[in-house]
Ligand SMILES: *Cc1c(COP(=O)(O)O)cnc(C)c1O
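In my numbering, the protein residues as written are 1 to 226.
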């Protein structure tokens, strides 16, 4: 019941922000971030029509993916990628949003099973250039995009960022704008991209203001994580 209300509220917010910033709500996809939440919670979200789910931790995600096989879910890996985990990611996920190095992209490409469609990939960009944070630096994005575009088992869909935490709308918006600028630069170079993955529970409005096409929401749907 609670989860259904949370979905309804979130759809209302997305629709409201889309109107505010002259966008169409149907151009903004919702990724439900189910990390730390059990299979029952994912099933409750499925019952609300949600199909795309994001997970950060491989050892936690694999049993959930197995338990829900055949139910039409779309799984996005959104956590840090260790190179010894790329095979499991390539074999079990539909999307990987956190590719930040060519070496990791190459491993995912080489390990993607031939019977599966190409793995959808977003480059994670460290927009605020935080030293502790994963992600390609903005000036490295073009080179990495070129390398990924040449990998036949990967399909480059766009860019993703986890901005510096801030409660200030203009600060949030500045981070989102930096990602949008990287995105538009790639498009100007001829890349056909459709995914600008930015916006979490606390910066949804700023992300939509700057053109997000995929918001990744955990807390606002499923409550705080333990
Ligand atoms: C946890 C997480 C989210 C969801 O964050 P909330 O604030 O709970 O909505 C989105 N993206 C990534 C990469 C995450 O790790």
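We treat Cβ as the ideally placed atom computed from N, Cα and C, and that holds for glycine.
No experiment lies behind these values; they were computed from the predicted model shown.
field: Run of the beta strand (DSSP E) containing residue 48, from where it starts to where it stops
entry: Unbroken run through residue 48: none, as it is neither H nor E.
query: Between the C-alpha atoms of residue 125 and residue 141, what's the straight-line distance to the nearest angstrom?
result: The straight-line gap from Cα to Cα measures roughly 7 Å.
task: Say yes only if the C-beta of residue 219 is nearer than 6 Å to one or more non-hydrogen atoms of ligand 1, and no if none qualify.
output: For ligand 1, at least one heavy atom lies less than 6 Å from the Cβ of residue 219.
query: To which residues of the same chain is residue 177 closer than 6 Å at the C-beta, ignoring the five residues directly before and after it?
result: Close CB contacts of residue 177 within its chain, under the 6 Å cut and outside five residues either way in sequence, are with 210 (chain order).
query: Taking C-alpha atoms, which residue in 96, 206, 196, 174 lies nearest to residue 153?
result: Measuring from the Cα of residue 153, the nearest candidate turns out to be 96.
task: Report, in whole angstroms, the separation of the C-beta atoms of residue 15 and residue 221, which I expect to be a contact under 8 Å.
output: That belief does not hold up - the Cβ atoms of residue 15 and residue 221 are roughly 16 Å apart, past 8 Å.
field: Neighbour-count burial assignment, residue 225, 16 or more Cβ in a 10 Å radius
entry: With fewer than 16 neighbouring CB atoms inside 10 Å of its own CB, residue 225 falls in the exposed class.
message: Is the separation between the beta-carbon of residue 109 and that of residue 151 shorter than 7 Å?
response: Taking 7 Å as the cut-off, the Cβ atoms of residue 109 and residue 151 count as close.
field: Close Cβ partners of residue 32 (< 6 Å) along its chain, the five nearest in sequence each way excluded
entry: Within the same chain, residue 32 has close Cβ partners 45, 50, 53, 221.
message: On the DSSP letters alone, give me the boundaries of the beta strand (DSSP E) that residue 134 sits inside.
response: Unbroken run through residue 134: none, as it is neither H nor E.
task: Round the Cβ separation of residue 172 and residue 206 to the nearest angstrom and send it over; I've been treating them as touching at under 8 Å.
output: Sure, about 4 Å apart at Cβ, within 8 Å.
- prompt: How many Å lie between residue 164 and residue 132 at the Cα?
  reply: Residue 164 and residue 132: Cα-Cα distance of roughly 11 Å.
- request: To the nearest angstrom, report how far apart residue 215 and residue 204 are at their CA atoms.
  value: Distance between the alpha carbons of residue 215 and residue 204 is about 7 Å.
- prompt: Whole-angstrom Cβ separation of residue 212 and residue 28, contact assumed at under 8 Å?
  reply: About 6 Å separates the beta carbon of residue 212 from that of residue 28, a gap short enough to meet the 8 Å contact definition.
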